[in-house]
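A.B. asks: One structure coming up, written as structure tokens, with questions to follow.
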Amino acid sequence: MNTRVKICGLTRIEDALLAAEAGADFLGLVFYPRSPRAVTRRQARTIVEAVRAAFGLRAPRFVGVFVNAPLEEVRRLMDEVGLDLAQLHGEEPPEMVQALWPRAYKALRPTDPEVALTQARAYTEGMKILPDRPLLLVDAHHRGMYGGTGRPAHEDAARILAQRYPILLAGGLTPENVAEKIRRIQPWGVDVSSGVEDRPGIKDPARVQAFIQAARG
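Residues in the sequence shown are numbered from 15 upward in steps of one, following my numbering.
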């Protein structure tokens, strides 16, 4: 099957429409105020409505990215904006992911394979694999940032998790390296933000298209 593609950190309608037209499966909207790619509830809803009006049933699924937000806030924003999934990218406990399942998955930032497996077991306990969504996302470890760093994920950890779970691979992906990363790690899908940007939150149309083509090629 084709590798799924998530274009994340969208802040503009035109970029979301471009990514949808290029064939993205998921579009990510960041609800972490400290991120340079953060959007408000109103901005996010406008983007979601524009893409769904243009593409109808062919529209990509929308993912809200949250960092240590309270459970009820995540639920409220998902309903008010019309999000399909929540990506929990902070130190949220397994119980929060389970409370939102099957509309949520956890982002891990492991430092080695052993840590990765321990975290994965905790965050997927009792969950079954569904064909249309990931169970986990694997991103680069950074002590001061929650994603969008441009750094690669720990490759051995990502590879081991990809053998056991449907994962989205994130961290340092670009149109130039994504095909090779897919070949080596074989993830269910890939997630890109900074690797297809002119500047934070502003996507480069040519790089978005090139990334999706490379991931599918």
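Think of the CB as a built atom: it goes at the ideal place given N, C-alpha and C, for glycine as much as any other residue.
#1: If I'm right that residue 184 touches residue 205 with Cβ under 8 Å, what's the distance once you round it to whole angstroms?
#2: Among residues of its own chain, excluding the 5 on either side of residue 224, which ones have a beta-carbon nearer than 7 Å to its beta-carbon?
#3: Going by DSSP, what residue range makes up the beta strand (DSSP E) through residue 21?
#4: Following the continuous beta strand (DSSP E) through residue 137, name the residue where it begins and the one where it ends.
#5: When the Cα atoms are used, what is the spatial distance from residue 123 to residue 73?
#6: Decide if residue 142 is buried, meaning its Cβ has at least 16 other Cβ atoms within 10 Å, or exposed.
#7: Spell out the partners DSSP gives residue 89 in its beta bridges.
#8: Mapping the DSSP letters down to three states, classify residue 8 as helix, strand or coil.
#9: Going by CA-CA distance only, name the one from 66, 198, 78 and 53 that's closest to residue 119.
#10: Let me know if residue 154 comes out buried or exposed under the rule of 16 or more other beta-carbons within 10 Å of its beta-carbon.
#11: From which residue to which residue does the beta strand (DSSP E) around residue 120 run?
#12: Which of the three DSSP states is assigned to residue 195 in this structure?
#13: Rounded to whole angstroms, what is the Cα-Cα separation between residue 40 and residue 21?
#14: To the nearest angstrom, how far is it from the Cα of residue 217 to the Cα of residue 211?
#15: For a test of the three-state rule: what should DSSP assign to residue 45, helix, strand or coil?
#16: Any idea if residue 140 is buried or exposed, counting beta-carbon neighbours within 10 angstroms, 16 or more meaning buried?
#17: Quick check on this structure: which residue in 50, 104 and 45 has the alpha carbon closest to the alpha carbon of residue 56?
#18: Whole-angstrom Cβ separation of residue 149 and residue 181, contact assumed at under 8 Å?
#19: Within the continuous alpha helix (DSSP H) that includes residue 109, where are the two ends?
C.D. replies: With the structure as the only source:
#1: To locate residue 184, count along the sequence shown from 1; it is residue 170. To locate residue 205, count along the sequence shown from 1; it is residue 191. Right, their Cβ atoms sit about 4 Å apart.
#2: Residue 224 sits at position 210 when you count from the first residue of the sequence shown. Answer for residue 224: 189, listed in chain order.
#3: Against the sequence shown, residue 21 aligns to sequence position 7. Element bounds for residue 21: 18-21.
#4: Locating residue 137 in the sequence shown gives position 123, counting from the first residue. Segment 127-138 is the alpha helix (DSSP H) holding residue 137; no beta strand (DSSP E) there.
#5: Your numbering for residue 123 matches position 109 in the sequence shown. Your numbering for residue 73 matches position 59 in the sequence shown. Cα to Cα, residue 123 sits roughly 29 Å from residue 73.
#6: Walking along the sequence shown from the start, residue 142 turns up at place 128. Exposed, by the Cβ-count rule.
#7: Counting from one through the sequence shown, the residue named residue 89 turns up at place 75. Answer by DSSP bridge pairing: none, since residue 89 is not bridged.
#8: As shown, the chain starts at 15 and ends at 231. That puts residue 8 outside it, with no answer to give.
#9: The count along the sequence shown starts at 1 and reaches residue 119 at position 105. Comparing Cα positions, the closest option is 78.
#10: On the sequence shown, position 140 is the one that residue 154 refers to. It is buried - the Cβ of residue 154 has at least 16 other Cβ atoms within 10 Å.
#11: To locate residue 120, count along the sequence shown from 1; it is residue 106. It spans 118-122 - the beta strand (DSSP E) in which residue 120 sits, taken as one unbroken run.
#12: On the sequence shown, position 181 is the one that residue 195 refers to. Helix, per DSSP.
#13: The residue given as residue 40 occupies position 26 in the sequence shown. The residue given as residue 21 occupies position 7 in the sequence shown. Cα to Cα, the separation comes out at about 6 Å.
#14: On the sequence shown, residue 217 is found 203 positions in, with the first residue counted as 1. On the sequence shown, residue 211 is found 197 positions in, with the first residue counted as 1. Whole-angstrom Cα-Cα distance: 4 Å.
#15: Residue 45 sits at position 31 when you count from the first residue of the sequence shown. Residue state, collapsed to three classes: coil.
#16: Reading the sequence shown from its first residue, position 126 is the one you call residue 140. It counts as exposed.
#17: What you label residue 56 is simply residue 42 of the sequence shown in a count that begins at 1. Comparing Cα-Cα distances from residue 56 to each of 50, 104 and 45, the minimum goes to 45.
#18: By 1-based counting over the sequence shown, the position of residue 149 is 135. By 1-based counting over the sequence shown, the position of residue 181 is 167. Going by Cβ atoms, the distance from residue 149 to residue 181 rounds to 7 Å, so yes, they are a contact pair.
#19: For the purposes of this step, residue 109 is taken as residue 95 along the sequence shown, with counting starting at 1. Note, residue 109: alpha helix (DSSP H), 108-114.
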